[in-house]
Amino acid sequence: MTTGHQTHEGALSNTTYPSLVYSILRRADTGVLRVQDGVEKSLYIRDGRPIFAGSTDPEDRLGVLYLKSGKIALTGLLSALEKSTLQKKRLGTVLVELALIRPEDLVEGVLEQVRRIILSLFQWTQGRYKYTPGPLPTEEVITLKLNADRTLLEGVRGIERWERVWEAVGPLDARYEIMKDADDRVRALGLSPEDTAVLSNLDRSKSLQELCGLGKMIDFDLCRLVWALKTLGLVKRV
Numbered sequence: 002m003t004t005g006h007q008t009h010e011g012a013l014s015n016t017t018y019p020s021l022v023y024s025i026l027r028r029a030d031t032g033v034l035r036v037q038d039g040v041e042k043s044l045y046i047r048d049g050r051p052i053f054a055g056s057t058d059p060e061d062r063l064g065v066l067y068l069k070s071g072k073i074a075l076t077g078l079l080s081a082l083e084k085s086t087l088q089k090k091r092l093g094t095v096l097v098e099l100a101l102i103r104p105e106d107l108v109e110g111v112l113e114q115v116r117r118i119i120l121s122l123f124q125w126t127q128g129r130y131k132y133t134p135g136p137l138p139t140e141e142v143i144t145l146k147l148n149a150d151r152t153l154l155e156g157v158r159g160i161e162r163w164e165r166v167w168e169a170v171g172p173l174d175a176r177y178e179i180m181k182d183a184d185d186r187v188r189a190l191g192l193s194p195e196d197t198a199v200l201s202n203l204d205r206s207k208s209l210q211e212l213c214g215l216g217k218m219i220d221f222d223l224c225r226l227v228w229a230l231k232t233l234g235l236v237k238r239v
């Protein structure tokens, strides 16, 4: 359902992408979030669920994804690109017409392409963003139906820069505790036994240092998990 929220924009350096995107997803809004920093990536949201993504980054192109995965050869890709340009058709359609991929490969490829673009945005720390609520400007045939909480969890857990993680969860004496009303949402996340063990240790507040000394999860992964759960509002800093 589209809400009456207004367009808003700003510098990504003044926030974090996880906080920004989740502030939009949790409203069950419909609209487009665009982030620019040399290239532009767009996240299409329907009723609070990420359903599609676009990118002007050449590395995010479908043909490059197929090439890197070994599904098509370089000569095949170049031929398809030429035909796509001449006939003004989507590359995926041309790849199927040339029998370089199967129709089911196209669906799987587009879904993987979109998923990668969505998750790549969690690595961004610079650039400008603009969120525009309202009807989506395009109706894509192939769309995802991602769960907002799971998307954010996977996105944060893929962040590799330690400085960002530490800024979000430190210092060592920072104390965390699970929210009292978090049970249903936690179950819906489908956490691993290792993740669940971390949460079970937060039934009472514990410092980050204490958490790092419990269980088998490496400290870096534990800190990313805490960051994700904090952003989701499942764990609070006390």
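Each residue of the sequence shown is one higher than the one before, starting from 2 at the first, in the numbering used here.
All C-beta atoms, glycine included, are put in the ideal place defined by N, C-alpha and C.
Please read all numbers here as calculations on a predicted model, not as lab measurements.
message: Would Arg205 and Leu235 be called neighbours here (beta carbons separated by less than 8 Å)?
response: No, Cβ-Cβ distance for Arg205 and Leu235 is not below 8 Å.
task: Between the Cα of Glu178 and those of Thr152, Asp30, Ile46, Glu211, spot the shortest distance and give me the residue it belongs to.
output: The shortest C-alpha separation from Glu178 is found at Glu211.
task: Identify which residue in Leu215, Ala175, Thr152, Val166 has its Cα closest to the Cα of Leu192.
output: The shortest Cα separation from Leu192 among Leu215, Ala175, Thr152, Val166 belongs to Thr152.
- request: Can you grab the Cα-Cα spacing for the pair Ser201 / Ser121, in whole Å?
  value: Distance between the alpha carbons of Ser201 and Ser121 is about 30 Å.
query: So what does DSSP say about Pro51, is it helix, strand or coil?
result: In this structure, Pro51 counts as strand in the three-state DSSP scheme.
query: What is the rounded straight-line gap between the Cα of Leu113 and the Cα of Ala54?
result: Per the sequence presented here, residue 113 reads as Glu, with Leu not at that position. Glu113 and Ala54 have their alpha carbons spaced roughly 11 Å apart.
- prompt: By the 10 Å Cβ neighbour count, where 16 or more other Cβ atoms means buried, how is Ala81 classified, buried or exposed?
  reply: Buried, since its Cβ has 16 or more Cβ neighbours within 10 Å.
field: Segment contact flag, the stretch 25-36 with the stretch 128-139, C-beta cutoff 8 Å, min 3 pairs
entry: Segments in contact, yes.
- prompt: Using DSSP with H/G/I as helix, E/B as strand and the rest coil, what is Gln124?
  reply: Looking at Gln124 - three-state DSSP - the assignment turns out to be helix.
- prompt: Skipping 5 residues on each side, what residues in its chain have a beta carbon closer than 6 Å to that of Val78?
  reply: Residue identity differs from the one stated: residue 78 is Leu in this sequence, not Val. Gly64, Leu68, listed in sequence order.
- prompt: With contact counted as at least three CB pairs below 8 Å, one residue from each stretch, are the stretch 153-166 and the stretch 33-41 in contact?
  reply: The stretch 33-41 and the stretch 153-166 do not touch, with fewer than three beta-carbon pairs separated by less than 8 Å.
field: CA nearest to the CA of Val170, picked from Pro104, Lys89, Cys213
entry: Taking the Cα of Val170 as reference, the smallest distance to any Cα among Pro104, Lys89, Cys213 is reached at Cys213.
query: Between Ile1 and the rest of its own chain, which residues show a CB-CB distance below 7 Å, the 5 nearest in sequence each way excluded?
result: This structure does not reach residue 1, given that the chain is present from 2 up to 239, and the question cannot be answered.
message: Our contact map puts Leu101 next to Ile73 with C-beta atoms below 8 Å; I'd like the distance itself, whole angstroms only.
response: Yes, Leu101 and Ile73 are in contact; Cβ-Cβ is about 5 Å, under 8 Å.
Whole-Å CB distance - Glu41 paired with Thr16, under 8 Å assumed: The pair is not a contact, with the Cβ atoms about 18 Å apart (cut-off 8 Å).
Reference Val227, options Arg188, Asp182, Glu168, closest by Cα: Of Arg188, Asp182, Glu168, the residue nearest in Cα terms is Glu168.
- prompt: When DSSP labels each residue in this structure, what does Leu34 get in the three-state scheme?
  reply: Correct three-state label for Leu34: strand.
- prompt: In chain order, what residues of the same chain have a beta carbon less than 7 Å from the beta carbon of Leu66, not counting five sequence neighbours either side?
  reply: Listed in chain order, the non-local C-beta contacts of Leu66 below 7 Å within the same chain comprise Gly110, Glu113, Gln114, local neighbours out to five positions each way being set aside.
- request: Can you have a look at Ser20 and say buried or exposed, based on whether 16 or more other CB atoms are within 10 angstroms of its CB?
  value: Classification of Ser20: exposed, given that the 10 Å Cβ count is below 16.
message: Can you give me the C-alpha to C-alpha distance between Leu26 and Lys89, rounded to a whole angstrom?
response: Near 34 Å, if we compare the C-alpha coordinates of Lys89 and Leu26.
Backbone secondary structure at Leu145 - three-state DSSP: Secondary structure at Leu145: coil, using DSSP grouped into helix, strand and coil.
query: Excluding the five sequence neighbours on either side, which residues of its own chain have a C-beta within less than 6 Å of the C-beta of Leu107, listed in chain order?
result: Gly93, Val97.
- request: Check each candidate in Arg238, Pro51, Ser14 and name the one with the smallest Cα separation from Glu141.
  value: For the options Arg238, Pro51, Ser14, the alpha carbon positioned closest to that of Glu141 is the one of Pro51.
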